[in-house]
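> All residue numbers for the sequence shown refer to the numbering used here, where the first residue is 131 and numbers rise by one. We put the CB at the ideal spot given by N, CA and C, even for glycine. Note that the coordinates shown come from a computational prediction; the quantities given were computed from them, not determined experimentally.
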Amino acid sequence: MIKLKIYIAEQEDFNPSVLSDIMEKFELVALRENEKLKDILKQVDIFWFRLGYNINGKVLDQNTRCKYLVTPVTGIDHIDEALCENLGIKVICLKGEYDFLKMVRATAEHTIALTLSLYRNLTDAVNHTRKGGWNRDKFRGYEL
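Right, dumping it as structure tokens:
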């Protein structure tokens, strides 16, 4: 049986056991780091990526071999969906996966942490302190 070829961008973030499972079912393609995205998409059947790539007419055309774009994100405005549909490329993502996303807590917690950081001016205060400053009045936040 011929295995589909898959390229995983940022595979250093993968659990080793997950990568092992992927290699049992697919041919994991290793490409040069400076390989152009358009060239990658001509060599593989599946491209797994996050937000660091824009998938549009600059990288997709009739010569694109890739038939599956897999991305673990909910917003896919970095992907030209109409072009993918015209080229027969299936986009697999978390958009609209409400039941699954209800179980993911980290996103909500991260959002709250970032909101608190903004509300209390934490980033500016940390940078000020790292530079040797200690002016706490300059970075007063708001009471919660």
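Anyone know if the C-beta pair for residue 189 and residue 137 falls short of 8 Å?
no
> Measure the CB-CB distance between residue 195 and residue 172 and report whether it falls below 8 Å.
yes
> Does the region 195-207 come into contact with the region 141-158, if we say contact requires no fewer than three beta-carbon pairs (one atom in each stretch) closer than 8 Å?
no
> Report the option in 132, 228, 182, 151 whose CA atom is closest to the CA atom of residue 140.
182
> By how many angstroms is the C-alpha of residue 210 removed from the C-alpha of residue 145?
29 Å
> Taking buried to mean at least 16 other C-beta atoms within 10 Å of its own C-beta, is residue 242 buried or exposed?
exposed
> When we look at the beta-carbon of residue 230 and count the other beta-carbons within 10 Å, is it buried (16 or more) or exposed?
exposed
> To the nearest angstrom, how far is the alpha carbon of residue 143 from that of residue 235?
Rounded to whole angstroms, residue 143 to residue 235 spans 19 Å at the Cα level.
> For residue 133, collect the residues of the same chain with a Cβ closer than 8 Å to its Cβ; drop the 5 residues on either side in sequence, then sort them by chain order.
155, 156, 157
> What would DSSP say about residue 206, mapped onto helix, strand or coil?
Reduced to three states, the DSSP call for residue 206 is coil.
> May I have a chain-ordered list of the alpha helix (DSSP H) segments no shorter than 4 residues that lie completely inside the region 148-217?
167-171, 211-217
> Rank 163, 164, 180, 152 by C-alpha distance to the C-alpha of residue 221 and give the top, closest one.
180
> Determine the extent of the alpha helix (DSSP H) in which residue 249 is found, giving its start and end residues.
236-249
> Going by DSSP, what residue range makes up the alpha helix (DSSP H) through residue 232?
Note, residue 232: alpha helix (DSSP H), 228-232.
> Quick one: is residue 185 near chain C, going by C-beta distance under 8 Å?
Although the question refers to chain C, the structure presented lacks it and comprises just one protein chain.
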